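Quick note, the sequences are listed as chains A and B, same order.
Numbering of the first sequence is given in the numbering used here, commencing with residue 1 and proceeding in unit increments.
Numbering of the second sequence is given in the numbering used here, commencing with residue 285 and proceeding in unit increments.
Note that the Cβ used here is the ideal one computed from N, Cα and C, for glycine as well.
Fair warning: this is a prediction, and the values are worked out from it, not measured in the lab.
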Amino acid sequence: MTPAVKRPVRRSRLSRTPIWRILFLTVFIIFVLAPLYWVFVTSIKPSDDYLAIPPVWYPDQPTIIHYTAALFDYRGLNGLINSLIISVAATFLSCLFGTLMAYSLARFNTGGQHLSFWVLSQRFLPPIAIVLPIFLNYRALGLNDTHIGMILAYTVFTLPVSVWMMFAYFRGMPRSLEEAALVDGCTRWTSFWRVAVPLAAPGIVAAAVFTFIACWTEFFFALVLTSRNAYTLPTVFRAFLSFQGAQYGEASALAIVSLVPSIVLGVLVQKHLVRGLTLGAIRG
Amino acid sequence: MAEVRVTDLHKHFGAVHAVRGINLDIPDGEFTVLVGPSGCGKSTLLRTIAGLEEITEGEIAIGGDVVNDMRPRDRDVAMVFQDYALYPHMTARANIGFGLRARKMPQAEIDQRVGRAAAMLGINGLLDRYPRQLSGGQRQRVAIGRAIVRNPKVFLFDEPLSNLDAQLRDEMRGEIKRLHQEIDTTMIYVTHDQIEAMTLADRIVLMRDGVIEQQGAPLDLFERPVNRFVAGFLGSPKMNFIPAKLMREDGDRIILSDGISLALPRGRLSTNAAPTDVLLGLRPEHISRAGGEPMVAGTARVDATVDLLQPTGSRTFATFSLGGVPVIAELQAHDVSRVGEKIPLVLNLDRASIFAADSEKAL
Chain A
1 MTPAVKRPVR
11 RSRLSRTPIW
21 RILFLTVFII
31 FVLAPLYWVF
41 VTSIKPSDDY
51 LAIPPVWYPD
61 QPTIIHYTAA
71 LFDYRGLNGL
81 INSLIISVAA
91 TFLSCLFGTL
101 MAYSLARFNT
111 GGQHLSFWVL
121 SQRFLPPIAI
131 VLPIFLNYRA
141 LGLNDTHIGM
151 ILAYTVFTLP
161 VSVWMMFAYF
171 RGMPRSLEEA
181 ALVDGCTRWT
191 SFWRVAVPLA
201 APGIVAAAVF
211 TFIACWTEFF
221 FALVLTSRNA
231 YTLPTVFRAF
241 LSFQGAQYGE
251 ASALAIVSLV
261 PSIVLGVLVQ
271 KHLVRGLTLG
281 AIRG
Chain B
285 MAEVRVTDLH
295 KHFGAVHAVR
305 GINLDIPDGE
315 FTVLVGPSGC
325 GKSTLLRTIA
335 GLEEITEGEI
345 AIGGDVVNDM
355 RPRDRDVAMV
365 FQDYALYPHM
375 TARANIGFGL
385 RARKMPQAEI
395 DQRVGRAAAM
405 LGINGLLDRY
415 PRQLSGGQRQ
425 RVAIGRAIVR
435 NPKVFLFDEP
445 LSNLDAQLRD
455 EMRGEIKRLH
465 QEIDTTMIYV
475 THDQIEAMTL
485 ADRIVLMRDG
495 VIEQQGAPLD
505 LFERPVNRFV
515 AGFLGSPKMN
525 FIPAKLMRED
535 GDRIILSDGI
545 SLALPRGRLS
555 TNAAPTDVLL
565 GLRPEHISRA
575 GGEPMVAGTA
585 RVDATVDLLQ
595 PTGSRTFATF
605 SLGGVPVIAE
615 LQAHDVSRVG
625 EKIPLVLNLD
635 RASIFAADSE
645 KAL
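Structure follows, in structure tokens:
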């Protein structure tokens, strides 16, 4: 009699995951996504359904009226465009200068031991401590409520993080790669552009995403430094709280609109982002 | 092709004096190996020749042109790095052609040269792979391809084989030697591996603490070391050093601490002003098992008890005590069978080195 052969049972990946982990993840996902869902539903609810008891989980007649109101009546579209211009420009400049500065700090030890930390220490200052001097200077220079003024402020504000993210990246990159390029016929500048920058691309992407999100969501500087021309999307939200009450639908609609660029950006660069955040820390 | 001349070269890294007044003339087409222990300044010297380190003092000339203030790209040298330094974002083809593209060479010529270099190194089928898709040996070949494709005046190798396993290292060593024979260009090669140095070099430059201890043909250094350091660095297992007294009556005699007296061959010492305290340097291969044959001039016979055996197959390394220190002899595989065995040994004093005990210089 032949012994019975016990076949290994193939189990799906999900069934191999411990139950407590699935439970925890489910709760976590609900915790994260539930408010988002509520914001979305509120943005398409008629006004009467906002605070209805029992709650309206999904409206019978969804409407886009809050979107048109938020974008056009409350000038959300202008805020969106301003935010895009300012965030993209500040992100570009922050990453450009951040990359150059980080390379200099990592490769040439510019500023000795202390400059790199001094750069980071700029983030230790609470924004409220510097907003008034900046406001006064901007007023004197005519930069108040201008795109350039906001781009400049955001570039300076985000530079320390860009520098530090890229600094870790360049420090972990073998010097021999650029030295090989120098011997192969590059100048210091071309070896930087042709070898160091392409290799640092994931780090630059990660820094760009962080910078963009920081600029996109920044409220305090925008509130103080802008009024009618260069106001950004976050500042539009204060218009939804008025004496007549809170405009929940419009606020939710604009919140959903404001999420779109961040989500698109996140999806586009997700692969680079994870690598960029981890690679710089690991020394080969 | 070009000769390299280094004159009175100094290099400081802050308080560290890494290279201390090096003078070196490397003729056109010679394969020179800079060898020495870690931190001896050999890599620094190579990097100053490449232009990757600024020199503190002195002069470097390549092909008769002083290159002190020249950028690396203008020195027309090619370098192979220890970690290969292949650009990870480029294919092997792009890596090899990188230097030519940087010099704005027409694409057709780049393709032709890359193809030729790849054929020479047997990597034609790997050209469209990225470095991460290559094995260590293949990466090393691509790195060498990147160097030879430019047809530079001088090749610089910075410990190129140290990341490879032993078998691949032997194979690549042969490849590099063959390459030098084929392209006959000046090569300067840094290693801390004395076997690599002995097998590859036309000339070995042995360094310690930023200075050259001795330079010359590999066998010159091996057979006529100028001091104990050189004698001990070259050879594996290393030379045995036995403390002894030198007696200069009735011909030169070496008296070991255990009373054994060994007559030195006439004229073995190159100086008359030799000190009394000396070190007798005997390479393991200069100690053999005595047979029934009559003693030859320049040899001495001692009996020794074997303390340790290390068979390697064709040879056996036997450790025994002589003059109060452990001494290794390289014997035939079946010369000795067990630890504790007392065997007669012949010391070839004709090939021995004698060093002053205090200055450690050869006498």
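Straight-line gap, residue i to residue j (C-alpha atoms, nearest Å)
{"i": "R585 of chain B", "j": "L548 of chain B", "result": "12 angstroms"}
{"i": "L84 of chain A", "j": "G420 of chain B", "result": "47 angstroms"}
{"i": "L563 of chain B", "j": "F192 of chain A", "result": "55 angstroms"}
{"i": "I282 of chain A", "j": "R416 of chain B", "result": "Annotation note: pLDDT 35 at I282 of chain A (below 50); position unreliable, coordinate value reported separately. Using only the alpha carbons, I get a separation of about 17 angstroms."}
{"i": "P390 of chain B", "j": "L330 of chain B", "result": "31 angstroms"}
{"i": "A578 of chain B", "j": "K645 of chain B", "result": "The sequence given here places Pro at residue 578 of chain B; Ala does not occur at that position. Cα-Cα distance, rounded: 33 angstroms."}
{"i": "A286 of chain A", "j": "T211 of chain A", "result": "Lying before the first or after the last residue shown, residue 286 of chain A is absent from chain A, which here runs from 1 to 284."}
{"i": "M165 of chain A", "j": "I213 of chain A", "result": "15 angstroms"}
{"i": "A230 of chain A", "j": "L80 of chain A", "result": "10 angstroms"}
{"i": "G268 of chain B", "j": "Q594 of chain B", "result": "The requested residue 268 of chain B is not part of the displayed model; chain B covers only 285 to 647."}
{"i": "G284 of chain A", "j": "D145 of chain A", "result": "Low confidence applies to G284 of chain A: its pLDDT is 34, below 50, so where it sits in the model is not reliable enough to give any reading."}
{"i": "I148 of chain A", "j": "S104 of chain A", "result": "26 angstroms"}
{"i": "F240 of chain A", "j": "D73 of chain A", "result": "11 angstroms"}
{"i": "A602 of chain B", "j": "L631 of chain B", "result": "14 angstroms"}
{"i": "A255 of chain A", "j": "P127 of chain A", "result": "24 angstroms"}
{"i": "M1 of chain A", "j": "S15 of chain A", "result": "With a pLDDT of only 43 at M1 of chain A, under the threshold of 50, the placement of this residue in the model should not be trusted; the figure read from the coordinates follows. Answer to the nearest angstrom: the Cα atoms are 35 angstroms apart."}
{"i": "A510 of chain B", "j": "G516 of chain B", "result": "Sequence inspection shows Val at residue 510 of chain B; the Ala mentioned does not correspond to that position. Distance between the alpha carbons of V510 of chain B and G516 of chain B is about 11 angstroms."}
{"i": "Q244 of chain A", "j": "P133 of chain A", "result": "35 angstroms"}
{"i": "A201 of chain A", "j": "G172 of chain A", "result": "14 angstroms"}
{"i": "S572 of chain B", "j": "E614 of chain B", "result": "7 angstroms"}
{"i": "N524 of chain B", "j": "R304 of chain B", "result": "30 angstroms"}
{"i": "E395 of chain B", "j": "P610 of chain B", "result": "The residue asked about is misnamed: residue 395 of chain B is Asp in this sequence, not Glu. Going by the C-alpha atoms only, they are around 60 angstroms apart."}
{"i": "K295 of chain B", "j": "N82 of chain A", "result": "56 angstroms"}
Per-residue burial, residue i [other beta carbons within 10 Å of its own, 16 or more giving buried]
{"i": "Q247 of chain A", "result": "buried"}
{"i": "I488 of chain B", "result": "buried"}
{"i": "D536 of chain B", "result": "buried"}
{"i": "T444 of chain B", "result": "The sequence as given places Pro at residue 444 of chain B; Thr does not occur at that position. Classification of P444 of chain B: buried, given that the 10 Å Cβ count is 16 or more."}
{"i": "S43 of chain A", "result": "buried"}
{"i": "R412 of chain B", "result": "Strictly speaking, residue 412 of chain B in this sequence is Asp, with Arg absent from that position. The residue is exposed, with fewer than 16 neighbouring Cβ atoms inside 10 Å."}
{"i": "F29 of chain A", "result": "As written in the sequence, residue 29 of chain A is Ile, which differs from the Phe given in the question. Counting Cβ neighbours within 10 Å, I29 of chain A comes out exposed, since fewer than 16 surround it."}
{"i": "L279 of chain A", "result": "Caution is warranted here: a pLDDT of 47 is assigned to L279 of chain A, below 50, making its placement in the model unreliable, and the coordinate value is therefore given only provisionally. Flag for L279 of chain A reads buried."}
{"i": "V580 of chain B", "result": "exposed"}
{"i": "Y58 of chain A", "result": "exposed"}
{"i": "K271 of chain A", "result": "exposed"}
{"i": "L490 of chain B", "result": "buried"}
{"i": "W20 of chain A", "result": "exposed"}
{"i": "I53 of chain A", "result": "exposed"}
{"i": "K326 of chain B", "result": "buried"}
{"i": "W38 of chain A", "result": "exposed"}
{"i": "G607 of chain B", "result": "buried"}
{"i": "W285 of chain A", "result": "Beyond the ends of chain A as shown, which are 1 and 284, falls residue 285 of chain A; an answer cannot be given."}
{"i": "I22 of chain A", "result": "exposed"}
{"i": "V388 of chain B", "result": "Checking the displayed sequence, the identity of residue 388 of chain B turns out to be Lys instead of Val. When all chains shown are included, K388 of chain B counts as exposed."}
{"i": "H114 of chain A", "result": "exposed"}
{"i": "A501 of chain B", "result": "exposed"}
{"i": "A427 of chain B", "result": "buried"}
{"i": "R194 of chain A", "result": "buried"}
{"i": "I333 of chain B", "result": "buried"}
Near the ligand SAH: residue i beta-carbon under 8 angstroms from a heavy atom
{"i": "S572 of chain B", "result": "You won't find the ligand SAH in this model; it holds no ligand whatsoever."}
> How about the segment 200-213 of chain A and the segment 71-91 of chain A: do they share at least three Cβ pairs that are nearer than 8 angstroms?
Replying inline: yes
>> Runs of 4 residues minimum, wholly inside the segment 315-348 of chain B: which ones carry the alpha helix (DSSP H) assignment?
In response: 326-334
> Can at least three beta-carbon pairs, one atom from the segment 524-544 of chain B and one from the segment 593-600 of chain B, be found at a separation below 8 angstroms?
Replying inline: no
> Relative to chain A, which residues along the segment 309-322 of chain B have a C-beta separation below 7 angstroms, given in chain order?
Replying inline: none
> Whole alpha helix (DSSP H) runs in the segment 125-194 of chain A with 4 or more residues, listed along the chain?
Replying inline: 127-141, 147-171, 175-184, 188-191
> Taking any Cβ of chain A, which residues in the segment 329-352 of chain B have a Cβ under 9 angstroms from it, in chain order?
Replying inline: R331, A334, G335, L336
>> For a minimum of 3 consecutive residues, which ranges assigned as the beta strand (DSSP E) are wholly contained in the segment 430-472 of chain B?
In response: 438-442
> For the segment 363-376 of chain B, which residues have a CB atom closer than 7 angstroms to at least one CB atom of chain A, in sequence order?
Replying inline: M363, F365, D367, A369, Y371, P372, H373
> Are the segment 171-182 of chain A and the segment 360-376 of chain B in contact at 8 angstroms, needing three or more beta carbon pairs?
Replying inline: yes
> When you check each C-beta in the segment 151-176 of chain A against every C-beta of chain B, which residues fall closer than 8 angstroms?
Replying inline: P174, S176
> Of all the residues that make up the segment 212-229 of chain A, which are near chain B by a beta-carbon distance shorter than 7 angstroms?
Replying inline: none
> Is there contact between the segment 255-268 of chain A and the segment 102-119 of chain A, where contact requires at least three CB pairs shorter than 8 angstroms?
Replying inline: no
> At which residue ranges does the segment 346-370 of chain B contain complete beta strand (DSSP E) runs of 3 or more residues, listed in the order of the chain?
Replying inline: 361-364
> Just by C-beta distance, which residues in the segment 175-193 of chain A are closer than 8 angstroms to chain B?
Replying inline: S176, L177, E179, A180, A181, L182, V183, D184, G185, C186, T187, T190
> Are the segment 457-472 of chain B and the segment 427-434 of chain B in contact at 8 angstroms, needing three or more beta carbon pairs?
Replying inline: yes
>> Output needed in chain order: residues of the segment 58-92 of chain A with a Cβ under 8 angstroms from some Cβ in chain B.
In response: none
> Considering only residues of the segment 214-281 of chain A, which uninterrupted alpha helix (DSSP H) runs meet the minimum length of 4 residues and lie entirely inside it, listed in chain order?
Replying inline: 220-225, 233-236, 248-279
> Any residues in the segment 398-423 of chain B with a beta carbon nearer than 8 angstroms to a beta carbon of chain A? Which ones, in chain order?
Replying inline: none
> If you measure beta-carbon to beta-carbon, which residues of the segment 382-398 of chain B are closer than 7 angstroms to chain A?
Replying inline: F382, G383, A386, R387
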